[in-house]
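Colleague: Chain order of the listed sequences is A and B.
Residues in the first sequence are numbered from 4 upward in steps of one, following the working numbering.
Residues in the second sequence are numbered from 309 upward in steps of one, following the working numbering.
Please read through the structure below; I'll follow up with questions.
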Amino acid sequence: MDVIIQDIGFIIGTTLMYSTPLIFTSLGGVITERSGVVNIGLEGMMYFGAFAGAAAAYFFQDPWLGLLCAALGGAFWGLIHAIACVSFAAEQIVSGIAINFLGAGSALFISRILFDGATQTLTVVDKIPQPLNFLFGEGKLFPSSGFMDLVFNRFATVYIAFAMVFIVWFVLYKTKTGMRVRAVGENPEAANTLGISVVKIRYGAVIMSGFFAGLGGAAMSIAVVSRFSNTLISGHGFIALAAMIFGKWKPQGALVACLLFGAAKGFEIYLGAKGVPVASDVLAMLPYVITIVVLVGIVGKTVPPAAIGKIFEKGGH
Amino acid sequence: MKFTKSDLKELFIRGPLGLTIFSTILGFSIGAIVLAIAGFNPAEAYWAIIRGIFSKPKYMSYVIIYATPLIITGLSVAFALRTGLFNIGAEGQFIVGAMTAAMAGYYFQLPMIIHVPLCILLAMSAAAVWGGLAGYIKARFGVHEVISTIMLNWIAFYLSNWSLTIKSFGKQGTGKSYMIQETARIDLFGQWKITEAGIDFIRSHKILGDVLKSPVNIGILVALLLAFLVWYILNKTTLGYELRAVGFNPDAAEYGGINVKKSMVTSMAIAGGLAGAAGALQVMGVGHKIAKLAIMEGYGFDGIAVALIGNNTGPGSVFAGLLFGGLKYGGSKIQDAVGAPTEVINIVVGTIILFIAMPKFIQLVLRFKKG
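In structure tokens, the structure reads:
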């Protein structure tokens with residue numbers, strides 16, 4: 004019985020750990036798309052963030068500075084996407100594809116220069132801490148590797164991610180700024196008439212999406228693992244994008260979807276560790292199948308922001 | 309038909325070709341600036357790429373081999389885009405095609421003349437189903453193809469890895485499938501190259517011998533044929549006209565009596581079939597097997613770049629595929645030659661696409677120049 008409880012704890016803990024990078028990035032997706040700008044470049048922004056976070060944490064020996072640099076790095080690519088999409092009326096999906104090449108390319112370019120030709124950083128010694136260990140001492144609050152320890156004693160990024168879900172929800176639905184973001188995403192012409200600056204709101208939203216995607220990358224490179232490598236992100240940004248749509252463009256919905264993807268990873272790792280002869284590839288496939296089935300099932304109920312992907316030109320048309 | 313000066317101006321400056329050329333120039337310029345900032349001589353680095361492509365017949369042959377799958381995945385993305393559909397799923401369709409070809413190539417024992425086309429056709433069919441599925445759930449349930457194809461990419465990824473756990477197909481413990489039969493391979497002179505006569509030939513013939521050192525195969529011919537077919541279907545058939553009409557304005561097309569939903573499925577199925585052919589040719593001409601995927605290999609994602617740079621046309625994809633193939637192969641040389649990171653290539657390609665995404669920028673710059 005104890006073993007089973009411990010195993011459940013292990014699965015929940017791993018789920019939380021692997022969901023976190025997705026939650027950050029997915030929130031970024033929610034923010035930009037609610038303002039009406041598609042951001043398929045989340046992958047590239049996350050990739051760059053993962054690198055910037057690990058490199059900064061390595062050189063400054065401070066994970067928090069790493070996290071900050073990751074967010075700023077992601078935000079930089081958000082700015083580029085915003086310039087293209089908002090100021091130059093770019094095809095948003097195409098610009099996003101470009102950002103994916105640029106984010107990954109520049110991360111590896113800088114990595115090779117800073118780390119002696121390698122496409123990975125050196126190991127980060129000072130990872131994102133586990134705050135409960137910091138506050139109470141390791142194994143003091145909960146017995147080590149017990150259920151409570153496995154579930155609740157996680158990296159700081161996990162708690163931050165959950166807090167961010169709440170904060171983004173609050174800002175989007177309970178503040179003036181959030182209302183403006185949603186208005187711009189639904190009907191930019193009307194918002195403009197009401198004196199809301201569509202350009203400013205969209206710039207802000209797209210830059211924030213990069214900021215969050217960068218955090219997501221760092222949550223991977225300096226918390227889940229302790230270095231950036233060229234294979235680390237491989238598709239997580241796209242999964243976060245899917246989670247955002249699965250979650251119907253809502254922060255809380257995205258959270259649930261990210262937990263689903265994380266849980267699949269959690270089970271995969273658990274079964275792998277136990278050597279259970281269940282086809283782990285089939286299991287790994289499940290969340291993607293479920294996503295399609297759910298999207299097909301909720302036809303008509305999932306409505307993206309009305310002005311999504313549409314170019315807004317002041318006084319244009 | 310006679311081109312006037314203003315026609316040419318329209319084509320080059322305002323038109324798609326001008327956009328591509330200006331974006332490409334800007335892409336290489338930004339790449340040069342990045343190299344210079346990092347302390348490398350851009351001229352030396354670019355020269356290393358050019359030498360890496362053209363200095364030996366073998367290199368040029370490798371560029372063509374690198375370009376082949378990119379041309380075809382480019383065609384796949386381009387075809388769907390002409391119907392207004394964004395095929396992010398070329399990656400997964402490629403994987404499905406590769407897996408199907410590896411199976412058909414290994415399990416069947418047939419004469420080459422049947423085996424080769426059968427493998428390609430089966431791979432294309434399987435991948436067409438994969439692509440068509442995304443088209444169907446868009447048409448029937450309104451699920452955006454970008455999202456469904458991203459999901460289908462991952463399902464294909466794990467399906468391919470799972471297939472290697474089948475005992476008769478995957479060599480257990482190696483993470484690879486069994487090699488396909490000789491009759492399913494499309495290498496040129498594959499067997500002959502390792503005979504004594506072949507080795508002698510390679511030694512004594514400077515140019516041809518050097519070319520034969522690379523895994524030459526007929527893939528590029530298939531790629532060119534497919535590029536022609538894409539051009540033909542899009543521009544010379546009713547089907548192509550209908551698909552393009554849907555891409556241009558779905559509401560007007562519907563009003564004009566075109567079945568928009570059917571067009572979506574057809575377009576995605578053809579796009580899927582194309583990407584599947586790319587996967588099949590890669591297995592039959594280069595790898596002769598599939599291996600456990602640790603990450604997405606990127607053939608489909610690179611195909612998106614190829615399609616966009618090639619302005620979503622058949623011939624455009626051929627040129628853009630060769631450009632990208634050349635940059636990928638030649639770019640891999642600059643690390644050794646001048647110590648500059650190979651990934652400057654991704655920065656160049658990304659920048660080109662970024663500028664292609666915003667024709668307005670180029671127009672502004674040109675207008676500004678004119679005064």
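Note that beta-carbon positions come from the ideal geometry of N, C-alpha and C, so glycine has one too.
Since the model is a prediction, treat every value here as computed from it, not as a measurement.
Can you tell me where the alpha helix (DSSP H) holding A:F63 begins and where it ends?
Modeller: Within the first sequence, the letter at position 60 stands for residue 63 of chain A. Unbroken alpha helix (DSSP H) run through A:F63: L45 to F63.
Colleague: Can you pull out the residues from the segment 645–672 of chain B whose beta carbon lies closer than 9 Å to at least one beta carbon of chain A?
Modeller: Within the segment 645–672 of chain B, the qualifying residues are G647, A648, P649, T650, E651, V652, I653, N654, I655, V656, V657, G658, T659, I660, I661, L662, F663, I664, A665, M666, P667, K668, F669 and L672.
Colleague: Please confirm if B:V568 has its CB atom under 7 Å from at least one CB of chain A.
Modeller: To locate residue 568 of chain B, count along the second sequence from 1; it is residue 260. Closer than 7 Å: no.
Colleague: Taking the alpha-carbon positions, what's the B:A560 to A:I210 distance?
Modeller: Counting from 1 along the second sequence, the entry for residue 560 of chain B is found at position 252. Counting from 1 along the first sequence, the entry for residue 210 of chain A is found at position 207. If you take the alpha carbons of B:A560 and A:I210, they lie about 36 Å apart.
Colleague: Considering only DSSP beta bridges, list what A:K268 is partnered with.
Modeller: Sequence index remark: in the first sequence, residue 268 of chain A carries index 265 (1-based). Looking at the DSSP assignment, A:K268 forms no beta bridge with any residue, so it has no partner.
Colleague: Output, in chain order, the set of chain B residues within a Cβ distance shorter than 9 Å of A:L244.
Modeller: Working through the first sequence from its first residue, we reach residue 244 of chain A at position 241. Those are V454, I455 and I458, listed as they occur along chain B.
Colleague: Within the 7 Å Cβ cut-off, does A:D119 reach chain B?
Modeller: As a first step, residue 119 of chain A is located in the first sequence; it is residue number 116 there, counting from the start. So, not an interface residue.
Colleague: Where does B:Q401 land, buried or exposed, given buried means 16+ other C-beta within 10 angstroms?
Modeller: Locating residue 401 of chain B in the second sequence gives position 93, counting from the first residue. It counts as buried.
Colleague: When you compare the CB of A:I96 with every CB in chain B, is at least one pair closer than 7 Å?
Modeller: As a working note, residue 96 of chain A is residue 93 in the first sequence. Yes, A:I96 counts as interfacial toward chain B.
Colleague: So, helix, strand or coil for B:G478, using DSSP?
Modeller: For the purposes of this step, residue 478 of chain B is taken as residue 170 along the second sequence, with counting starting at 1. Strand.
Colleague: Secondary structure at A:A310, three-state DSSP: helix, strand or coil?
Modeller: The count along the first sequence starts at 1 and reaches residue 310 of chain A at position 307. In the structure shown, A:A310 sits in coil (DSSP, three-state: anything other than H, G, I, E or B).
Colleague: Exposed or buried, which one is B:N543 when buried takes at least 16 other CB atoms within 10 Å?
Modeller: Taking the second sequence and counting its residues from 1, one reaches residue 543 of chain B at position 235. When all chains shown are included, B:N543 counts as exposed.
Colleague: Can a CB atom of chain B be found closer than 7 Å to the CB of A:S237?
Modeller: In the first sequence, the residue the question calls residue 237 of chain A occupies position 234. By this cut-off, A:S237 is an interface position.
Colleague: Please report the residue range of the alpha helix (DSSP H) in which B:L287 lies.
Modeller: In the structure as shown, chain B begins at 309 and stops at 679. Residue 287 of chain B is therefore absent and cannot be evaluated.
Colleague: So, for A:F27: in the same chain, excluding its five sequence neighbours on each side, which residues have a beta-carbon less than 6 Å away from its beta-carbon?
Modeller: Mapped onto the first sequence, residue 27 of chain A falls at position 24. Contacts found: A164, F215, L218, G219 and A222.
Colleague: For the candidate residues A:A208, A:T196 and A:T180, whose alpha-carbon lies nearest to that of A:G32?
Modeller: By one-based count along the first sequence, residue 32 of chain A stands at place 29. For the residues A:A208, A:T196 and A:T180, the minimum Cα distance to A:G32 belongs to A:A208.
Colleague: Go ahead and pull the three-state DSSP assignment for B:D508.
Modeller: Position 200 of the second sequence, counting from 1, holds the residue named residue 508 of chain B. Note: B:D508 maps to helix in three-state DSSP.
Colleague: With C-beta atoms as the reference, is B:A648 less than 7 Å away from B:L441?
Modeller: Residue numbering aside, residue 648 of chain B sits at position 340 when the second sequence is read from its first letter. Residue numbering aside, residue 441 of chain B sits at position 133 when the second sequence is read from its first letter. In this structure, B:L441 does not lie closer than 7 Å to B:A648 by Cβ.
Colleague: Are the beta-carbon atoms belonging to A:A59 and A:G47 less than 7 Å from one another?
Modeller: Your numbering for residue 59 of chain A matches position 56 in the first sequence. Your numbering for residue 47 of chain A matches position 44 in the first sequence. Cβ distance not < 7 Å, so A:A59 and A:G47 don't count as in contact.
Colleague: I'd like to know whether the C-beta of A:T294 is nearer than 7 Å to at least one C-beta of chain B.
Modeller: For the purposes of this step, residue 294 of chain A is identified with residue 291 of the first sequence, where counting begins at 1. For A:T294, the answer is yes, since a Cβ of chain B falls inside 7 Å of its Cβ.
Colleague: If you measure beta-carbon to beta-carbon, which residues of the segment 368–395 of chain B are closer than 8 Å to chain A?
Modeller: Cβ contacts with chain A come from F394.
Colleague: Using a Cβ-Cβ cut-off of 7 Å (strictly less than) and excluding sequence neighbours within five positions of A:Y176, which residues of its own chain qualify?
Modeller: To locate residue 176 of chain A, count along the first sequence from 1; it is residue 173. Cβ within range, chain order: n/a, list empty.
Colleague: Kindly provide the ranges of any alpha helix (DSSP H) runs that are 4 or more residues long and lie completely inside the segment 337–423 of chain B, ordered along the chain.
Modeller: For the segment 337–423 of chain B, whole alpha helix (DSSP H) runs of length 4 or above, ordered along the chain, are 350–362, 365–390 and 398–415.
Colleague: In whole angstroms, what is the alpha-carbon distance linking B:L472 and B:A436?
Modeller: Within the second sequence, numbered from 1, the residue matching residue 472 of chain B stands at position 164. Within the second sequence, numbered from 1, the residue matching residue 436 of chain B stands at position 128. Computed Cα separation, rounded: 22 Å.
Colleague: Report the start-end ranges of each alpha helix (DSSP H) in the segment 180–205 of chain A that is 4 residues or longer and not cut off at the edges.
Modeller: Complete alpha helix (DSSP H) runs here, min 4: 191–196.
Colleague: Taking 6 Å as the cut-off, is the beta-carbon of A:P132 closer than that to any non-hydrogen atom of the ligand SAM?
Modeller: This structure lacks the ligand SAM; in fact it carries no ligand of any kind.
Colleague: Taking the alpha-carbon positions, what's the B:L551 to B:V573 distance?
Modeller: Within the second sequence, numbered from 1, the residue matching residue 551 of chain B stands at position 243. Within the second sequence, numbered from 1, the residue matching residue 573 of chain B stands at position 265. Each residue's alpha carbon lies about 10 Å from the other.
Colleague: Skipping 5 residues on each side, what residues in its chain have a beta carbon closer than 7 Å to that of A:A310?
Modeller: Mapped onto the first sequence, residue 310 of chain A falls at position 307. G39, G188, E189, N190 and P191.
Colleague: Identify every residue that forms a DSSP beta bridge with A:A222.
Modeller: For this step, residue 222 of chain A is matched to residue 219 along the first sequence. For A:A222, which the question treats as bridged, DSSP gives no partner whatsoever.
Colleague: Could you name the residues of the same chain whose beta carbon sits closer than 8 Å to that of B:K570, not counting the 5 residues immediately before and after it, in chain order?
Modeller: Counting from 1 along the second sequence, the entry for residue 570 of chain B is found at position 262. Counting only Cβ-Cβ distances below 8 Å, and skipping sequence neighbours, we find A447.
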